[in-house]
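The listed protein sequences derive, respectively, from chains A and B.
Numbering-wise (this note's numbering), the first sequence opens with residue 4 and increments by one.
Numbering-wise (this note's numbering), the second sequence opens with residue 380 and increments by one.
Glycine included, C-beta positions come from ideal geometry on N, C-alpha and C.
Notes follow once the structure below has been shown.
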Amino acid sequence: MTTFEGVVAATRGRTANFRTCQFTGLKVDIAAQRLIIANAVAAVVFLAIGGLMGLMVALTRWPAVHLLPAEWFYLILTAHGANVLLYWIIFFEIAVLYFASAVLLNSRLAAPKLGWLGFILMVAGAVITNVAVLQGESTVMFTSYPPMMARPHFYLGIILFAVGALIGCGLFFATLMIARAERTYEGSIPLVTFGALTAAIIAVFTLVSGAIILIPTMLWSMGLIRDIDPLMYKLVWWAMGHSSQQINVSAHVSVWYMIAALLLGAKPLSEKVSRGAFFLYILFLQLASAHHLLAEPGISSEWKIVNTSYMMYLAVLGSMIHGLTVPGSIEAAQRRNGFNRGVFEWLRKAPWGNPAFAGMFLSLVMFGFIGGISGVVLGTEQLNVLMHNTIYVPGHFHGTVVAGTTLAFMAGTYLVLPLIFQRDIIWPRLARIQPYLFGLGAAGISMFMMGAGTLGVARRHWDINFTDAVIGFQHSPGAFLMMGMNGISAILAALGGILYVLIVVGTALFGKKIVAGHKMTFPLHSSANVVSKYGSEGHIKLPGTIVLVTIFFLSFVLYYFVNWKYLSDLWLFR
Amino acid sequence: MAISSPERRVWWNEPVERLELIWIAVALLWGLFMFFFMIAWHFIGGQNLSSEAYRVVPSAYQEKVDAFAEKYTVGDESGTPIVRPPAGVDVYLLGRLWQWWPVLQLEKGQSYRLHLSSVDWQHGFSLQPTNINIQVHPGYEHIITLTPTEAGEFGIICNEFCGIGHHTMTGKIIVVDSKAEAK
Ligand code: HEM
Ligand SMILES: [Cu+2]
Ligand SMILES: [Cu+2]
Numbered sequence: 004m005t006t007f008e009g010v011v012a013a014t015r016g017r018t019a020n021f022r023t024c025q026f027t028g029l030k031v032d033i034a035a036q037r038l039i040i041a042n043a044v045a046a047v048v049f050l051a052i053g054g055l056m057g058l059m060v061a062l063t064r065w066p067a068v069h070l071l072p073a074e075w076f077y078l079i080l081t082a083h084g085a086n087v088l089l090y091w092i093i094f095f096e097i098a099v100l101y102f103a104s105a106v107l108l109n110s111r112l113a114a115p116k117l118g119w120l121g122f123i124l125m126v127a128g129a130v131i132t133n134v135a136v137l138q139g140e141s142t143v144m145f146t147s148y149p150p151m152m153a154r155p156h157f158y159l160g161i162i163l164f165a166v167g168a169l170i171g172c173g174l175f176f177a178t179l180m181i182a183r184a185e186r187t188y189e190g191s192i193p194l195v196t197f198g199a200l201t202a203a204i205i206a207v208f209t210l211v212s213g214a215i216i217l218i219p220t221m222l223w224s225m226g227l228i229r230d231i232d233p234l235m236y237k238l239v240w241w242a243m244g245h246s247s248q249q250i251n252v253s254a255h256v257s258v259w260y261m262i263a264a265l266l267l268g269a270k271p272l273s274e275k276v277s278r279g280a281f282f283l284y285i286l287f288l289q290l291a292s293a294h295h296l297l298a299e300p301g302i303s304s305e306w307k308i309v310n311t312s313y314m315m316y317l318a319v320l321g322s323m324i325h326g327l328t329v330p331g332s333i334e335a336a337q338r339r340n341g342f343n344r345g346v347f348e349w350l351r352k353a354p355w356g357n358p359a360f361a362g363m364f365l366s367l368v369m370f371g372f373i374g375g376i377s378g379v380v381l382g383t384e385q386l387n388v389l390m391h392n393t394i395y396v397p398g399h400f401h402g403t404v405v406a407g408t409t410l411a412f413m414a415g416t417y418l419v420l421p422l423i424f425q426r427d428i429i430w431p432r433l434a435r436i437q438p439y440l441f442g443l444g445a446a447g448i449s450m451f452m453m454g455a456g457t458l459g460v461a462r463r464h465w466d467i468n469f470t471d472a473v474i475g476f477q478h479s480p481g482a483f484l485m486m487g488m489n490g491i492s493a494i495l496a497a498l499g500g501i502l503y504v505l506i507v508v509g510t511a512l513f514g515k516k517i518v519a520g521h522k523m524t525f526p527l528h529s530s531a532n533v534v535s536k537y538g539s540e541g542h543i544k545l546p547g548t549i550v551l552v553t554i555f556f557l558s559f560v561l562y563y564f565v566n567w568k569y570l571s572d573l574w575l576f577r
Numbered sequence: 380m381a382i383s384s385p386e387r388r389v390w391w392n393e394p395v396e397r398l399e400l401i402w403i404a405v406a407l408l409w410g411l412f413m414f415f416f417m418i419a420w421h422f423i424g425g426q427n428l429s430s431e432a433y434r435v436v437p438s439a440y441q442e443k444v445d446a447f448a449e450k451y452t453v454g455d456e457s458g459t460p461i462v463r464p465p466a467g468v469d470v471y472l473l474g475r476l477w478q479w480w481p482v483l484q485l486e487k488g489q490s491y492r493l494h495l496s497s498v499d500w501q502h503g504f505s506l507q508p509t510n511i512n513i514q515v516h517p518g519y520e521h522i523i524t525l526t527p528t529e530a531g532e533f534g535i536i537c538n539e540f541c542g543i544g545h546h547t548m549t550g551k552i553i554v555v556d557s558k559a560e561a562k
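Below is the structure:
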């Protein structure tokens, strides 16, 4: 293990400066804390920018409002995708990685200077791409499919950003090694760190794929390469574009476990199962490009079927396992905390007034029911033809990445603020409703876009009326209704998003400083029984969770077959 | 807790709860079912996207479409020819900035080998309100055996972003029911 020792030795020069967290007893490296704060703040800034762009896009697609002119619509849509999907999410994930390594393991962070270098590269990349888009000659959507071409610095920005993020992943791995070498923890790493490790491993695969495809594409845009095959581009691009969604899933599932642990003292039902489920992600998620190629010419069905199902749905299996073990561990903890009556007392008496819990549980439910089920349907070889590139697709992924990941990260923030920023949340009452407001809006945009897509409305499309088309086309009234409802939901989501940004920024700047001896009841749950022995839960009856997963399973099966029924009514093609 | 190390060092030997085992089994079987159902649909279903495709130079494809249209044109719709090929022949449709060309007139219940390609950027063939959606690439000629099962006028819209005129890119397929006409 020479690299192992090398890493540890190379970073030995620094004497880390620690403080002890008064709530968790964890040792926090101040250098790690600063980097976590910087990345979290950058994330929130890009969410604010990208979220407002999302609102503008949704208002343009609301036929009665039709806010932006066409040129601006496509430009803003390009920027929306990049700012929220890449910048908001990945900055936040880097913060999660530093937290899950240095803080949870009581360790010093490896090479904080490199961490700052990565951070600066990411910021610079994000700014460069945004400038390229706003200059107006790079309206290619964030997927930038050739032969449509953006200016070289559009690609350059994304490449720099990816390199910066790779450095962040490297620091995470190095910190794990240091923690192990310096024995800052005993036995195996905690489950949440294990989940973060999953995310980081997938991130490396992802970011490298991104470089492999975007560097030649940039050279092509500079005129140095003659041709980029559009099909090959999609295959490699989505090795980044979709696998990176598995980073999100691993990261937000880790955040679910973390919140459940911090608020309720939840522990995994069994370490083996929860870790095994994360491991399935690593084993089977790399084939993810396939479901973006189901409607593409010239790809064999065998290849599509094996890959779109991630080898017989073994990765979906991973998510379904978490879908049981996360609520299961919450139910077990709550029952242990004394909420033992009936099937659902544990859930009714859960801390719904705590935004960290509310956001986490809403995220869990909506990710499963909205994002998860629709994702499997959309990724089924034949069913894909029903909704490929319709607005059903953004509907699906707002269910995963907005109602799921974004909401989970927002919920996590309500713990990061007191624990890492060490400030009391300003406006606790507004914070209480924030996850509900955002969650409702996010559910709305997801489901109404899915509804409109089922009725054939195209994605990335400025004019549902086809006013300037030579050969006109009229969508059904239902489609117009759906797009209107989508606009209304977007306003709710935007209000929730603005509230979140204001609370975070306000707290970071003006929140009351938490000093030693400060008693915290909010947002940490104030139940006396929270502290529990760790390790697997073991031997407890979980009737509530059984009911929940049964409902989930039946919805899944029903929705799956409804779509096959739709498909069987189409024209015949083979 | 999930944020601290497992209690027992050897956590991988701990027994697993029955509930978890049952759920894993259910999810695994459901996954296998969904996997085999995709395969099964190739035998029992009438909607499977063909994988027949050839590399083609865009200008060569353009020539094929032109020749096809010239041969079978029967009318005109807002400047775009309406082309009515006899049942069973090869039918060509071209995506370009920003139209689907030409307008096709097909017969209900007849099968056609429909060729799809683009001469410039990627486009999204989206037949509405039927909702059949297929990606169209420049340089690839995709061939689908298509059988309309209902008569009427169907719009083709574009659902792959193809520049500033994307939302004006439309086309049409007219399906006639000659048996009904004959009566
Ligand atoms: C206020 C919150 C948001 C609203 C109202 C919103 C709304 C929308 C709408 C209407 C579209 C366009 C659909 C189309 O025309 O094709 C869209 C696209 C998209 N959104 Fe959002 N969104 C929001 C937040 C987010 C967040 C937080 C993320 C990611 C974490 C996200 C990721 C995306 C992506 C990746 C696209 C696709 C862009 C493309 O097609 O290139 N959105 N959003
Ligand atoms: Cu087009
Ligand atoms: Cu288009």
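Taking each of Gly171(A), Arg111(A), Leu100(A), Leu112(A) in turn and checking the Cα distance to leucine 120(A), the smallest one comes out for Gly171(A). For arginine 463(A), at least one C-beta of chain B is nearer than 9 Å to its own C-beta. With a threshold of 16 other beta carbon atoms within 10 Å, aspartate 572(A) falls short and is exposed.
Taken through DSSP and simplified to helix, strand or coil, tyrosine 188(A) comes out as coil. Exclusion of the five residues before and after leucine 238(A) leaves Ser292 as the residues of its chain whose Cβ lies within less than 6 Å of its Cβ. A direct Cα-Cα distance of roughly 35 Å separates leucine 217(A) from leucine 107(A). Its Cα nearest to that of isoleucine 52(A), the residue Tyr90(A) stands out among Tyr90(A), Val31(A), Thr23(A), Trp65(A). For chain A, the residues of the segment 424–443 of chain B that bring a beta carbon within less than 7 Å of one of its beta carbons are Gly424, Gly425, Gln426, Asn427, Leu428, Ser429, Ser430, Ala432, in chain order. Contact between leucine 512(A) and leucine 433(A) is ruled out by a C-beta separation of about 16 Å, above the 8 Å threshold. Here phenylalanine 540(B) carries a coil assignment [DSSP, helix/strand/coil].
Taking all protein chains in view, the Cβ of glutamine 501(B) is crowded by 16 or more other Cβ atoms within 10 Å, so the residue is classified as buried. For serine 377(A) against alanine 406(A), the beta-carbon gap comes to about 11 Å, at or over 8 Å, which does not count as contact. Cα atoms of methionine 152(A) and leucine 557(A): separation of roughly 45 Å, rounded to the nearest angstrom. Listed as beta-bridge partners of glutamine 514(B) by DSSP are Gly503(B). The beta-carbon of threonine 132(A) is placed no less than 9 Å from the nearest beta-carbon of chain B. Chain-ordered, the chain A residues with CB closer than 7 Å to the CB of leucine 407(B) read Leu320. At least one heavy atom of ligand 2 falls within 8 Å of the beta-carbon of methionine 548(B). Of the residues assessed, lysine 307(A) falls on the buried side of the cut-off, its CB having 16 or more other CB atoms within 10 angstroms. Look at histidine 83(A): its beta carbon is less than 8 Å from one of the heavy atoms in ligand 1. A distance of 9 Å or more separates the beta carbons of asparagine 86(A) and lysine 30(A).
Three or more Cβ pairs closer than 8 Å define a contact, and the segment 225–238 of chain A falls short of that threshold against the segment 272–287 of chain A. Residue nearest to aspartate 469(B) within the set Ile511(B), Thr549(B), Ile423(B), Lys443(B) is Lys443(B) (criterion: CA-CA distance). With the criterion set as a beta carbon lying under 7 Å from some beta carbon of chain B, the segment 38–67 of chain A has no members that meet it. Assigned with DSSP and collapsed to three states, valine 555(B) falls in strand. Fewer than three pairs of CB atoms, one per stretch, sit closer than 8 Å, so the segment 315–325 of chain A makes no contact with the segment 292–304 of chain A.
Against serine 104(A), chain B offers no close residue; the least beta-carbon distance is about 12 Å (beta-carbon pairs closer than 9 Å).
Residues of chain B with a Cβ closer than 9 Å to the Cβ of tyrosine 284(A) do not exist; the shortest Cβ-Cβ separation is about 14 Å.
Residue pairing by DSSP leaves proline 354(A) without any beta bridge partner. When secondary structure is reduced to three states using DSSP, aspartate 445(B) falls in the helix class. Judged by beta-carbon spacing, threonine 408(A) lies beyond the 9 Å limit of valine 47(A), meaning their Cβ atoms are not closer than that value.
A straight line joining the alpha-carbon of phenylalanine 145(A) with that of proline 465(B) spans about 43 Å. With respect to the 9 Å criterion, threonine 383(A) and asparagine 566(A) are classified as neighbours on the basis of their beta carbons. Within chain B, Gly425, Gln426, Thr526, Thr528 have C-beta atoms less than 7 Å from the C-beta of leucine 575(A), given in sequence order. For tyrosine 491(B), the three-state secondary structure derived from DSSP is strand. In the structure shown, alanine 153(A) falls within a coil segment according to DSSP collapsed to helix, strand and coil. Comparing alpha-carbon positions, the option among Leu163(A), Phe412(A), Ala446(A) lying closest to valine 252(A) turns out to be Phe412(A).
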